[in-house]
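Protein chains: 2
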Amino acid sequence: MLNSYSTADKVLLAVDCIIFGFDEDGLKILLIKRDFEPEKGKWSLMGGFLRKEEVLDDAAIRVLNTYTGLQDIYMEQLYTYSEIDRDPVERTISVAYYALINIENHNAELIQNYHAKWFSVSEVPKLIFDHDNMLSHAIRRLRYRTSMRPVGFELLPEKFKMSQLLKLYESILDKQIDKRNFISKINSLDILIKLDEKDMTSSRKGSYLYTFDKEKYDAKLLNNFALNF
Amino acid sequence: MLNSYSTADKVLLAVDCIIFGFDEDGLKILLIKRDFEPEKGKWSLMGGFLRKEEVLDDAAIRVLNTYTGLQDIYMEQLYTYSEIDRDPVERTISVAYYALINIENHNAELIQNYHAKWFSVSEVPKLIFDHDNMLSHAIRRLRYRTSMRPVGFELLPEKFKMSQLLKLYESILDKQIDKRNFISKINSLDILIKLDEKDMTSSRKGSYLYTFDKEKYDAKLLNNFALNF
DNA sequence: TCTTTAAATGTTATTTTAACACTTAATTGT
DNA sequence: ACAATTAAGTGTTAAAATAACATTTAAAGA
Numbered sequence: 001m002l003n004s005y006s007t008a009d010k011v012l013l014a015v016d017c018i019i020f021g022f023d024e025d026g027l028k029i030l031l032i033k034r035d036f037e038p039e040k041g042k043w044s045l046m047g048g049f050l051r052k053e054e055v056l057d058d059a060a061i062r063v064l065n066t067y068t069g070l071q072d073i074y075m076e077q078l079y080t081y082s083e084i085d086r087d088p089v090e091r092t093i094s095v096a097y098y099a100l101i102n103i104e105n106h107n108a109e110l111i112q113n114y115h116a117k118w119f120s121v122s123e124v125p126k127l128i129f130d131h132d133n134m135l136s137h138a139i140r141r142l143r144y145r146t147s148m149r150p151v152g153f154e155l156l157p158e159k160f161k162m163s164q165l166l167k168l169y170e171s172i173l174d175k176q177i178d179k180r181n182f183i184s185k186i187n188s189l190d191i192l193i194k195l196d197e198k199d200m201t202s203s204r205k206g207s208y209l210y211t212f213d214k215e216k217y218d219a220k221l222l223n224n225f226a227l228n229f
Numbered sequence: 001m002l003n004s005y006s007t008a009d010k011v012l013l014a015v016d017c018i019i020f021g022f023d024e025d026g027l028k029i030l031l032i033k034r035d036f037e038p039e040k041g042k043w044s045l046m047g048g049f050l051r052k053e054e055v056l057d058d059a060a061i062r063v064l065n066t067y068t069g070l071q072d073i074y075m076e077q078l079y080t081y082s083e084i085d086r087d088p089v090e091r092t093i094s095v096a097y098y099a100l101i102n103i104e105n106h107n108a109e110l111i112q113n114y115h116a117k118w119f120s121v122s123e124v125p126k127l128i129f130d131h132d133n134m135l136s137h138a139i140r141r142l143r144y145r146t147s148m149r150p151v152g153f154e155l156l157p158e159k160f161k162m163s164q165l166l167k168l169y170e171s172i173l174d175k176q177i178d179k180r181n182f183i184s185k186i187n188s189l190d191i192l193i194k195l196d197e198k199d200m201t202s203s204r205k206g207s208y209l210y211t212f213d214k215e216k217y218d219a220k221l222l223n224n225f226a227l228n229f
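Taken in sequence, the protein lines are chains E and D.
Going by UniProt numbering, the first sequence opens with residue 1, and the numbers climb by one from there.
Going by UniProt numbering, the second sequence opens with residue 1, and the numbers climb by one from there.
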């Protein structure tokens, strides 16, 4: 019988979070060293089980908050993974989410307690279970998102240099982008505010700082466009 | 405690299938009239519960096969829905899949047994639970897919007219497309084989039939491209 | 004042896209 | 037989977007 609630099997549902950050070294993800069996001591995404009275989005937020102390974070559901033996302990279905966070804003203490560490996406160690698979899926999704919607507000500090934004796009798309073409395309989106302020730390000339125009940025987030670098 | 398998809640996991088809009237979806409570008699997507020993993809395939008799169908996981009260009987998380099928190939008898019916996407009745939401999500996804990868092989009969392919694109994207521009773009993809055969049923002049070059089609399916109509 | 360093800035050729209308092949009706 | 009908088939051009490319500038430090 297809549709009997009472006889249907129940399963464990987990959420796992792929947490992206960005700093001067490029695109990073946050991993934790598992402190329980199985695979204790191995690197892993941050995860937890869904609770009965909780929706998946909230479970993902809770997991992220538990490990990083962060709230109000950009998250998106990625995919649901259900291979029978993906978790060797017990059949567990996992819904993956990815988050974009500003590395400067996270709670370093919490991260230390959980033995968490930022890794460059190009230098990620072998992860437990099917987390490698989730990560590569998340990177593909982030690349796609970057070509269809603006990115940066979630990952950069409030004030940033154009060269930082360029580097962010280059690390996400994993390719070189012509500086002049990049600037004119970004400017055509009309989502940046150029400040009078300069950052003098990185060059003698100094470079202007920018912020995102949050309203225009959010408007662009809603309507997909194609931005080809 | 975040990670205790033994104390974590278990939940019911369902799959629901959004089944797209295409005929002379345009893009359609297959719905069933529920023959059990709750919401008996209302229109609904096809669904079923995940079994303990089954992966989600297989559950979606099983549900589709049960209602249509079809096998070897193009399906993609869409999204996982977890609102607390989305199913009034019991907390149920549902993983939605969408399928593209050739209407001509389905098993009409099975569909009759289950009181299934094809609806034009523009004339879909109110659906149970959050199925309306799933459907609009699926349409968005299908539109996106259509702009990034070829579509048609899964939905059209083996031999088809160029005008059918055009109409398929127009119904998916819900807009008029210039015939000449369409043909030159489709030809530039190099996925069609023009047959010597003509279909004489629709016009005095007759129109050439085409098939997809399956190998080239599948190759394009893997690498996203942007096709702007 | 000369050197150094990253920042800032525009132009042009190429490619892609969008807009647009007439001819053709065959059948049907007179 | 020929005129009318119907959907099929076919190219050109203007506009827009993209990609390629190099020099100048502002300030600090030697």
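Note that CB positions come from ideal geometry on N, CA and C, so glycine has one too.
Taking Cβ-Cβ distances shorter than 8 Å, what residues in chain D pair up with residue i?
i, result
"Thr80 (chain E)", "Leu56, Gln77, Thr80 and Val95"
Which residues of chain D have a Cβ atom closer than 9 Å to the Cβ of residue i, listed in chain order?
i, result
"Val151 (chain E)", "Those do not exist, as Val151 (chain E) stays about 18 Å from chain D at its closest Cβ, beyond 9 Å."
What does residue i reach in chain D if we use C-beta pairs closer than 7 Å?
i, result
"Glu83 (chain E)", "Val55"
Listing by chain order, which chain E residues have their CB less than 7 Å from the CB of residue i?
i, result
"Lys214 (chain D)", "Neighbours of Lys214 (chain D) on chain E: none; closest Cβ ~25 Å, over 7 Å."
Let me know if residue i comes out buried or exposed under the rule of 16 or more other beta-carbons within 10 Å of its beta-carbon.
i, result
"Gln112 (chain E)", "exposed"
"Ile191 (chain E)", "buried"
"Arg180 (chain E)", "exposed"
"residue 230 (chain E)", "The displayed coordinates of chain E run from 1 to 229. Any statement about residue 230 (chain E) would go beyond what the structure contains."
"Cys17 (chain D)", "buried"
"Gly41 (chain D)", "exposed"
"Ile84 (chain E)", "exposed"
"Leu13 (chain D)", "buried"
"His115 (chain E)", "exposed"
"Met1 (chain D)", "Bear in mind that the predicted position of Met1 (chain D) carries a pLDDT of just 47, short of 50, making it too unreliable to give a figure here."
"Gln164 (chain E)", "buried"
"Phe36 (chain D)", "exposed"
"Phe160 (chain D)", "buried"
"Met134 (chain E)", "buried"
"Ile128 (chain E)", "buried"
"Arg86 (chain D)", "buried"
"Ser147 (chain D)", "buried"
"Leu222 (chain D)", "exposed"
"Tyr169 (chain D)", "buried"
"Ser136 (chain D)", "exposed"
"Phe225 (chain E)", "exposed"
"Tyr5 (chain E)", "exposed"
"Ala138 (chain D)", "buried"
"Tyr97 (chain E)", "buried"
"Ile186 (chain E)", "buried"
What residues of chain E sit near residue i, judged by a beta carbon separation below 9 Å?
i, result
"Ala226 (chain D)", "Ser147, Ala226 and Asn228"
Taking 9 Å as the CB-CB cut-off, is residue i touching chain D?
i, result
"Ser4 (chain E)", "yes"
"Tyr144 (chain E)", "yes"
"Lys220 (chain E)", "no"
How many whole angstroms separate the CB atoms of residue i and residue j, which I take to be in contact at a CB cut-off of 8 Å?
i, j, result
"Leu156 (chain D)", "Asn102 (chain D)", "7 Å"
"Tyr81 (chain E)", "Ile93 (chain E)", "7 Å"
"Ile29 (chain E)", "Val121 (chain E)", "6 Å"
"Ala99 (chain E)", "Phe20 (chain E)", "7 Å"
"Leu195 (chain E)", "Leu209 (chain E)", "5 Å"
"Lys198 (chain D)", "Gly206 (chain D)", "4 Å"
"Leu64 (chain D)", "Leu56 (chain D)", "The pair is not a contact, with the Cβ atoms about 13 Å apart (cut-off 8 Å)."
"Val151 (chain D)", "Ile172 (chain D)", "7 Å"
Compare the C-beta of residue i against all C-beta atoms of chain E and say whether one is closer than 9 Å.
i, result
"Arg91 (chain D)", "yes"
- Task: Residues of the stretch 8-26 of chain D with a CB closer than 7 Å to any CB of chain E: list them in chain order, please.
- Result: Going along the stretch 8-26 of chain D in chain order, one finds Ala8, Asp9, Lys10, Val11, Leu12 and Leu13 with a Cβ nearer than 7 Å to chain E.
- Task: Taking a Cβ distance cut-off of 8 Å, strictly less, list which residues of the stretch 37-53 of chain D are near chain E, in chain order.
- Result: Gly47, Gly48, Phe49, Leu50, Arg51, Lys52 and Glu53
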